[in-house]
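Asks: When we follow our numbering, the leftmost residue of the sequence shown carries the number 636, and every step to the right adds one.
For each residue, glycine too, the CB sits at the ideal point set by N, CA and C.
In this text the structure is predicted, and so the values were computed from the model without any measurement.
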Amino acid sequence: MKKWKRPDQYLVFICTSIFMSSIAGSRPLVPLYANDLGASHAEIGVIVALFSFLPLFLSIKSGKIIDRIGIKIPIAVSILFGSASMILLSVFTNILGLYVSQVFSGLSQLIFVLAIQAYAGQFLKRKLREHYITLLSIGIAFGSFIGPLIGGFLSDIYSYTYAFLLLGAILFLLLPASFLFKKEKSFLDKPKMQTENSFNLVRISNLRKAIMVSSVILLARETYTAFFPLLAADKGISNAAIGVIIALNAGAGILIHNILPWLSHLFKRNLVMTVSIIISGLIYLFHPLTDNVIGLSLLSFILGFFTGIGQPLSIFMTIESLPSIRMAEGLGLRLMFNKLTQIIGPLSLGAISSSLGMSGVFYLCGALIMVGSMSTHQKKTDRAATSINQSNSKQ
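Structure follows, in structure tokens:
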């Protein structure tokens, strides 16, 4: 079936864009709002880490449930949780409200991302599957571009609570669209399988590599989302300007999707991922040295461009390496490791910032990212993937 004859491709893009605009719009505001409420940098690190707390423990289980029941209900639940998490911030204007909100917001993103990635990865034809994963990635980048712009300007012109309320309302309006997704035959008619330990999937070398790439990229993205607003605020930059700078970071991710196929054709996938991660680490080192909006905007765009390369490649690698009947489960395993990174990173860097300051956080994170790039350049065959597929086919 030709990809342009499928109306659900627009549904995937629109739902992903709106969902991410709301979640991504709120995330840079959270550390700024916490700072405004008098939270220390270490406490802000805890608040940011709470976003990934429940997903760390529920990623695999959520993936198994989505494999079993499909995506309609999970997407609807994710929208309700996400909307509630932001409306909560407009009602309870204190630190406790931030703690509770981030738990629900993180759970919301986990469920949505697992469901929509499973939908994109379900198709039997590789080109169709890649088309939907690309659409999904562009939707994430587009939403992450629009969201910080909306949140930054609203919080500057009106207030943080007004910005959270509007972002929550926008997300709630997406609820009816969640019931428009149709179940594909390949998604429904999966053979029953015996209960297996999800960690057996880590035997697949390409999945291990995809998890490592994704974790390093997530460290770069999470640190930027959590601590760049504080670094910029220390430099005297307004919320609106911070929103624009972060939006440029996401906007670069839209551009990379037009260039990525060309890069993948010219160079080996490992080389592309390794170089992109090294450059991302170098860009981190320049942030504390730059004080003007134009310079920070340029660094943000370059960082977004190179971190934008690794994430879709890691999703491609994950989906291609997984047995079809354990798709969402494997994606959940990948997300579990991502969430572990998103907890350890903000907690440790938030604590370190008390002694090293925000500049020290960026220097340390840049060094860690470059060290992490070494683990992405390895050559192994995926015999484990074949054996797992054969094992599942016998069940």
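Have a look at residue 871 and residue 864 and give me their C-alpha separation to the nearest angstrom.
Replies: If I take the Cα positions, the gap works out to 11 Å.
Asks: Closest to residue 1001 by CA distance: which of 949, 859 and 883 is it?
Replies: Per the Cα distances, 859.
Asks: Is it buried or exposed, residue 1022, if we count other Cβ atoms within 10 angstroms and call 16 or more buried?
Replies: Here residue 1022 scores only 43 on pLDDT, less than 50, and its place in the model should not be relied on; the value that follows carries that caveat. Exposed: under 16 other Cβ atoms inside 10 Å.
Asks: Ignoring anything shorter than 3 residues or poking outside the stretch 831-858, list the beta strand (DSSP E) runs there in chain order.
Replies: Runs found: none.
Asks: Could you tell me the alpha carbon to alpha carbon distance between residue 651 and residue 999, rounded to whole angstroms?
Replies: Between residue 651 and residue 999, the C-alpha separation is close to 32 Å.
Asks: Tell me which residues share the same chain as residue 689 and place their Cβ nearer than 7 Å to its Cβ, disregarding the 5 neighbours each side in the sequence.
Replies: Closer than 7 Å at Cβ, skipping near neighbours: 738, 741 and 742.
Asks: Output the distance between the C-alpha atoms of residue 645 and residue 778, rounded to the nearest integer angstrom.
Replies: Cα to Cα, residue 645 sits roughly 14 Å from residue 778.
Asks: Are the beta-carbon atoms belonging to residue 754 and residue 706 less than 8 Å from one another?
Replies: Closer than 8 Å, so yes.
Asks: In chain order, what residues of the same chain lie with their CB nearer than 6 Å to the CB of residue 760, ignoring the 5 residues before and after it?
Replies: So no residue of the chain qualifies.
Asks: Taking the alpha carbon of residue 748 as the reference point, which residue from 992, 1006 and 974 has its own alpha carbon closest?
Replies: If we check each option's Cα against that of residue 748, 974 comes out closest.
Asks: Go ahead and pull the three-state DSSP assignment for residue 696.
Replies: Helix, per DSSP.
Asks: Does the pairing of the stretch 923-942 with the stretch 724-733 give three or more beta-carbon distances under 8 Å?
Replies: The answer is no - the stretch 724-733 does not touch the stretch 923-942, with fewer than three Cβ pairs under 8 Å.
Asks: Assign residue 974 to one of three DSSP states: helix, strand, or coil.
Replies: If DSSP states are grouped into helix, strand and coil, residue 974 belongs with the helices.
Asks: Return helix, strand or coil for residue 1015, following the three-state DSSP convention.
Replies: For residue 1015, the predicted model reports a pLDDT of 49, less than 50, meaning its position is unreliable; a value from the coordinates is still stated below. The answer is coil: DSSP assigns residue 1015 none of H, G, I, E or B.
Asks: Within the same chain, show all residues whose beta-carbon is closer than 7 Å to that of residue 641, passing over the 5 residues directly before and after it, in chain order.
Replies: So the list is empty, once near-sequence residues are dropped.
Asks: How far does the alpha helix (DSSP H) with residue 794 in it extend, from its first residue to its last?
Replies: Taken as a continuous stretch (DSSP letters only), residue 794 belongs to no alpha helix (DSSP H), as it is neither H nor E.
Asks: Nearest to residue 723 by CA position, among 907, 796, 857 and 912, is which residue?
Replies: Checking every option, the nearest Cα to that of residue 723 belongs to 796.
Asks: Return the chain-ordered list of same chain residues with a C-beta closer than 6 Å to the C-beta of residue 923, the five sequence neighbours on each side being excluded.
Replies: Correct list, in chain order: 994 and 997.
Asks: Which parts of the stretch 729-800 are runs of the alpha helix (DSSP H), unbroken and 4 residues or longer, counting only runs that do not cross its ends?
Replies: If we require 4 residues or more, the alpha helix (DSSP H) runs fully inside the stretch 729-800 come out as 730-755 and 761-792.
Asks: To the nearest angstrom, how far is the alpha carbon of residue 915 from that of residue 937?
Replies: Going from the Cα of residue 915 to the Cα of residue 937 covers about 8 Å.
Asks: Can at least three beta-carbon pairs, one atom from the stretch 768-777 and one from the stretch 877-889, be found at a separation below 8 Å?
Replies: Touching, yes, given that three or more Cβ pairs across the two stretches are closer than 8 Å.
Asks: Along the chain, where does the alpha helix (DSSP H) that runs through residue 947 open and close?
Replies: Element bounds for residue 947: 928-956.
Asks: State yes or no: is the C-beta of residue 660 within less than 8 Å of the C-beta of residue 785?
Replies: Against a cut-off of 8 Å, the Cβ pair of residue 785 and residue 660 comes out as a contact.
Asks: One question on the structure: do residue 669 and residue 658 come within less than 8 Å of each other, judged by their Cβ atoms?
Replies: Not in contact: residue 669 and residue 658 (Cβ atoms no closer than 8 Å).
Asks: Assign residue 902 to one of two classes, buried (16 or more other C-beta atoms within 10 Å of its C-beta) or exposed (fewer than that).
Replies: Looking at its Cβ environment, which holds fewer than 16 other Cβ atoms inside 10 Å, residue 902 is exposed.
Asks: The alpha helix (DSSP H) that contains residue 673, what's its start and end?
Replies: Residue 673 -> no alpha helix (DSSP H), and no H or E assigned at all.
Asks: Rounding to the nearest angstrom, what Cα-Cα distance links residue 930 and residue 679 in this structure?
Replies: Going from the Cα of residue 930 to the Cα of residue 679 covers about 26 Å.
Asks: Do residue 703 and residue 836 count as a contact pair if the criterion is CB distance below 8 Å?
Replies: No; because the gap between Cβ atoms is not below 8 Å, this pair is not in contact.
Asks: Taking DSSP as the reference, what is the three-state secondary structure of residue 688?
Replies: Of the three classes helix, strand and coil, the one that applies to residue 688 here is helix, per DSSP.
Asks: Between residue 745 and residue 857, what straight-line distance do the alpha-carbon atoms span, to the nearest angstrom?
Replies: Taking the straight line from one Cα to the other gives about 15 Å.
Asks: Please name the residue, chosen from 932, 982, 895 and 727, that lies closest to residue 951 on a Cα-to-Cα basis.
Replies: Measuring from the Cα of residue 951, the nearest candidate turns out to be 895.
Asks: Please look up how many angstroms separate the CB atoms of residue 909 and residue 840, rounded, as I've assumed it's under 8 Å.
Replies: That belief does not hold up - the Cβ atoms of residue 909 and residue 840 are roughly 16 Å apart, past 8 Å.
Asks: Under the three-state reduction of DSSP, which class applies to residue 824: helix, strand or coil?
Replies: With a pLDDT of 48 at residue 824, under the threshold of 50, the modelled position of that residue is not reliable, and no figure is offered here.
Asks: From what residue to what residue does the alpha helix (DSSP H) around residue 707 run?
Replies: Run containing residue 707: 707-726, per the alpha helix (DSSP H) assignment.
Asks: Which class does residue 816 belong to by DSSP, given the choice of helix, strand or coil?
Replies: Three-state DSSP puts residue 816 in coil, outside helix and strand.
Asks: The alpha helix (DSSP H) that contains residue 904, what's its start and end?
Replies: That run of the alpha helix (DSSP H) goes 904-921.
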